[in-house]
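Novice: Numbered per our numbering, the sequence shown finishes at 181, counting up by one with no gaps. Backbone N, C-alpha and C fix where the C-beta goes; we use that ideal spot for every residue, glycine too. Since the structure is predicted, the reported quantities are computational estimates derived from the model, not experimental observations.
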Amino acid sequence: MYTALYASAMSDMGAGMEMDAIASCVLGGVSLNGGQGSVAGVLLGSLTMAVICKALPLIGISQFWKDAIKGAIILVAIIVNVIVRRAMDRNTLKVREI
Numbered sequence: 084m085y086t087a088l089y090a091s092a093m094s095d096m097g098a099g100m101e102m103d104a105i106a107s108c109v110l111g112g113v114s115l116n117g118g119q120g121s122v123a124g125v126l127l128g129s130l131t132m133a134v135i136c137k138a139l140p141l142i143g144i145s146q147f148w149k150d151a152i153k154g155a156i157i158l159v160a161i162i163v164n165v166i167v168r169r170a171m172d173r174n175t176l177k178v179r180e181i
């Protein structure tokens with residue numbers, strides 16, 4: 084799609100876009116371990132990342148900080164995912180014991 088939009092192709096055209104894709108998926112609730120996630124969640128995560136990526140340059144944030152903020156979003160989403168998964172596992176064990 085990127086090539087069709089700009090009517091040209093270069094070998095480094097999509098450099099850095101993989102971080103956007105991973106951040107969108109993780110923010111949408113997809114587990115990095117696999118097995119969890121939904122298309123609706125990924126669409127919501129993609130929309131959120133698009134808004135963030137378009138808003139940061141408008142308020143004068145440099146590219147370095149833009150990438151740092153994306154990395155922080157990935158880390159926070161992973162930490163929240165791990166905490167929620169552990170809480171669910173703990174609740175499952177309590178139900179099994181009863």
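Quick one, which of 171, 88 and 107 has its alpha-carbon nearest residue 131's?
Specialist: When each option's Cα is compared against that of residue 131, the closest is 107.
Novice: With a threshold of 6 angstroms on Cβ separation, who are the neighbours of residue 86 within its own chain once the five nearest residues in sequence on each side are excluded?
Specialist: Cβ within range, chain order: 92.
Novice: With distances taken from CA atoms, which of 137, 109 and 141 is nearest residue 124?
Specialist: Cα-wise, what sits closest to residue 124 is 109.
Novice: In this structure, does DSSP put residue 150 in helix, strand or coil?
Specialist: Note: residue 150 maps to helix in three-state DSSP.
Novice: So, at 8 angstroms on beta carbons, what are the nonlocal neighbours of residue 162 in its own chain, with the 5 sequence-adjacent residues on each side left out?
Specialist: So no residue of the chain qualifies.
Novice: Where does residue 171 fall in DSSP's three states?
Specialist: Of the three classes helix, strand and coil, the one that applies to residue 171 here is helix, per DSSP.
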